[in-house]
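*Asks:* Heads up: the sequence shown begins at 167 in the working numbering, then just goes up one per residue.
Even glycine gets a Cβ: it sits at the ideal position worked out from N, Cα and C.
Fair warning: this is a prediction, and the values are worked out from it, not measured in the lab.
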Amino acid sequence: MFKREASKRAERLIELLRKESNLNWIARRTFAVYAVGSGWTGAFGNGRFDQEISGHNDEEEAGSPLKIYDGSVKDISLGWGHTAILTEDRRLLLAGRPHDFSVLLRLRRLPLWVRNYAINSSINEFRGLDSRSVHPIALIGRLITWLAIRFKYPTTELEAARRHSIFPELAEIALPDSEVPSSVSCSAALTAIVTESGKVYAFGLNGFGQCGIGMTSNHVWNPSSPLRGLTSEFANQPRGEMEQSYPVVDVALGLQHGICLNEVGEVFCWGKGERGQLGQGLITTEAHTALPVKRAFTLGEKMKPQYQTIGQVTQIDAGMIHCAALTKDNEVLIWGKHVLPLLPGDENKKVSSDARLPYILPGLPKGVRVERIACGSHHTAILLDDGSVYAAGIATHTKEPIHEAVQILPPGVVNRPVRQFDAHMDRTTIVGADGRQVLQLHLWKDEELREFAAFTPAWVDHILDENPFAKISMIHRSWIHSVVVTEEQIE
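1. Alpha carbon to alpha carbon, what distance is there between R214 and R602?
2. Which one of L550, G203, E429, I574 has the shortest CA to CA distance from A561?
3. Between V199, P231, Q217, N223, which lies nearest to D631 when the distance is taken from Cα to Cα?
4. Given a threshold of 16 other Cβ atoms within 10 Å of its Cβ, counted over all protein chains shown, does S439 qualify as buried or as exposed?
5. Report yes if the C-beta distance between A201 and T249 is below 9 Å; otherwise report no.
6. For V162 versus F374, is the C-beta spacing smaller than 9 Å?
7. Using a beta-carbon distance below 9 Å, is G203 in contact with chain D?
8. Alpha carbon to alpha carbon, what distance is there between G424 and T450?
9. Helix, strand or coil for F654? Go by DSSP, reduced to three states.
10. In this structure, how does DSSP classify G578 when only helix, strand and coil are distinguished?
11. Just to confirm, are I548 and V498 a CB contact at a threshold of 9 Å?
12. Take E429 and list the residues in its own chain whose beta-carbon comes closer than 6 Å to its own, dropping the five residues that flank it on each side.
13. Taking 7 Å as the limit between beta carbons, can you name the residues of its chain near M486, skipping five residues before and five after?
14. At what residue ranges does the stretch 459–518 contain a whole run of the beta strand (DSSP E), taking only runs of 3 or more?
15. Enumerated in chain order, which unbroken segments of the alpha helix (DSSP H) with a length of 4 residues or greater are wholly contained in the stretch 580–625?
16. Is it right to say F463 is buried, meaning 16 or more other beta carbons lie within 10 angstroms of its own, or is it exposed?
17. Return yes when the Cβ of A589 is within less than 9 Å of the Cβ of D483, no when it is not.
18. Measuring CB to CB, does Q443 end up less than 9 Å from C489?
19. Since C377 sits in a beta bridge, which residues does DSSP pair it with?
20. Assuming V479 contacts L550 under a Cβ cut-off of 8 Å, what Cβ separation, rounded to an integer in Å, is found between them?
21. With V536 as the anchor, note down where its beta strand (DSSP E) starts and where it stops.
22. Can the beta-carbon of T207 be found closer than 9 Å to that of D255?
23. State the DSSP-derived secondary structure class of W387, mapped to helix, strand or coil.
24. Taking the Cβ atom as the reference point for each residue, do F434 and L492 lie within a distance shorter than 9 Å?
25. When DSSP builds the beta bridges, which residues end up paired with A418?
26. Using beta-carbon positions only, say whether W625 and S220 come within less than 9 Å of one another.
27. May I ask you to list the residues that DSSP assigns as paired with D241?
28. On a CA-only basis, which of L276, W246, L273, T196 is nearest S238? Give me that one, please.
29. Below 9 Å between beta carbons: does that hold for G229 and L259?
30. Pairs of beta-carbons, one from the stretch 458–474 and one from the stretch 524–534, closer than 8 Å: are there three or more?
31. Please identify the residue among G477, S518, K470 whose C-alpha is closest to the C-alpha of N496.
32. Give the straight-line distance between the Cα atoms of P577 and P583, rounded to the nearest whole angstrom.
33. So, for P507: in the same chain, excluding its five sequence neighbours on each side, which residues have a beta-carbon less than 8 Å away from its beta-carbon?
34. Can you tell me whether H222 is helix, strand or coil according to DSSP?
35. Using the DSSP secondary-structure output, state which residues sit across from S353 in a beta bridge.
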């Protein structure tokens, strides 16, 4: 009786909503994550390591993308060998190899048959399976796996390595003290999470202090200790011992360094810094706790620096060995490797100089607001509020950096407001307002090539052509795999 009455009430409610909204149907949204590229790292999270889905390398004949997750996604990020998915209900899921960087590079250089056996041996060890085949190929694979593990991890870390170095399927990662994840960022063997309380937890490789926990170590296996040094006070004692002043609202990761932004617009960097990517003004080889970034500069006559205090920052991002920030005053700041034109005294560097402090990027049109910034591995992209896109850094087809912002997409092309503006590896991605426009852009040094910079990946076209109701929410690209988050409105 109760169920029948509840059903009738539900039907009346639906009918009322239909009438009031003048709709003939009520829609719901479904979400999915698809992937292309190489799956031998385990980053597809389906327990298989032999899948190759064409499209990641811009093949014209792209295959059908592989669905790797069904469900609502709040955030997603890709490391070189792993995938991190933050669900709408705030579960952090990881798949692949979140602690491997050099091992991945070595595995990729191996002949395919040797790599496959080495990977299978690793998986069997992770799953506790006994693989004692005496076939010569199997023996070689097991030997490579044993050597990789033995030389990479001290004996005391072998058990942790077995449990955490590879996740064949998507696995939930818990945070300490009942912290709830709010966003996630990944890099080469490094993952960072911002929590709803405004803390940052990082785990992965930590040889340069890139986990920011106040010391170096081979690995931080779990997100167990928050980022240290986030104080706005004058440091009259070790920064790692001082209380965090304000909640963090964003984090980004470079190859071996990190950057974060707090709610009052202050910026902090940590990790490896020998190319100026920590923004400290001096060569800081590494920092094990977060350091504030406070000063910026321009280049005046005869390349003489002119310094100023950084105003309130509203956005940040990180490239492989550089950082970028956007201030409330509409200034784009970039610092790190190859950011500056060749300075006097740096002739031995041949092409460019490193910026040890944030450099105010020249070349952007006056009087136009910057809407978003994003960093690829070696470039920085800027979306302006007229819809145009500018960029600076190392172009796709040359090693010679571009030190002033150049236009790579004119106004009027992008459907605004954009759903996503992001840069990853060698390109910039824009998802237009309707979720059906996806543009990717390379930075070219040749002006004629810039006129034809925008394209839509064939594998994205494949998704949109197959499902006319699908909309793209976001796309992310890493070393050997890419993912797309779709949403679909159905009756």
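*Replies:* Taking the geometry as given:
1. 30 Å
2. Of the listed residues, the one whose Cα sits closest to A561 is I574.
3. P231
4. One detail in the question is off: residue 439 reads as Gly in this sequence, not Ser. Under a 10 Å Cβ-count criterion, G439 is classified as buried, with 16 or more other Cβ atoms of the shown protein chains found around its own Cβ.
5. Yes, Cβ-Cβ distance for A201 and T249 is below 9 Å.
6. Because residue 162 is not part of the residues shown, which for the chain are 167 to 657, the question remains open.
7. The displayed structure is made up of one protein chain only, and chain D is not part of it.
8. 14 Å
9. At residue 654 the sequence reads Glu, which differs from the Phe that was named. Note: E654 maps to strand in three-state DSSP.
10. coil
11. yes
12. Y412, P413, V415
13. G420, L421, S543, H544
14. 461–465, 471–475, 479–484, 488–493, 498–506
15. 613–616
16. Buried, since its Cβ has 16 or more Cβ neighbours within 10 Å.
17. yes
18. Closer than 9 Å, so yes.
19. Paired residue(s): none; C377 is not in a bridge.
20. About 18 Å; that fails the 8 Å criterion.
21. 536–541
22. no
23. coil
24. no
25. I425
26. yes
27. L252
28. Relative to S238, the option among L276, W246, L273, T196 whose CA is nearest is T196.
29. no
30. yes
31. G477
32. Their backbone Cα atoms lie some 13 Å apart in a straight line.
33. L465, M469, S518, S519, H569
34. coil
35. L356
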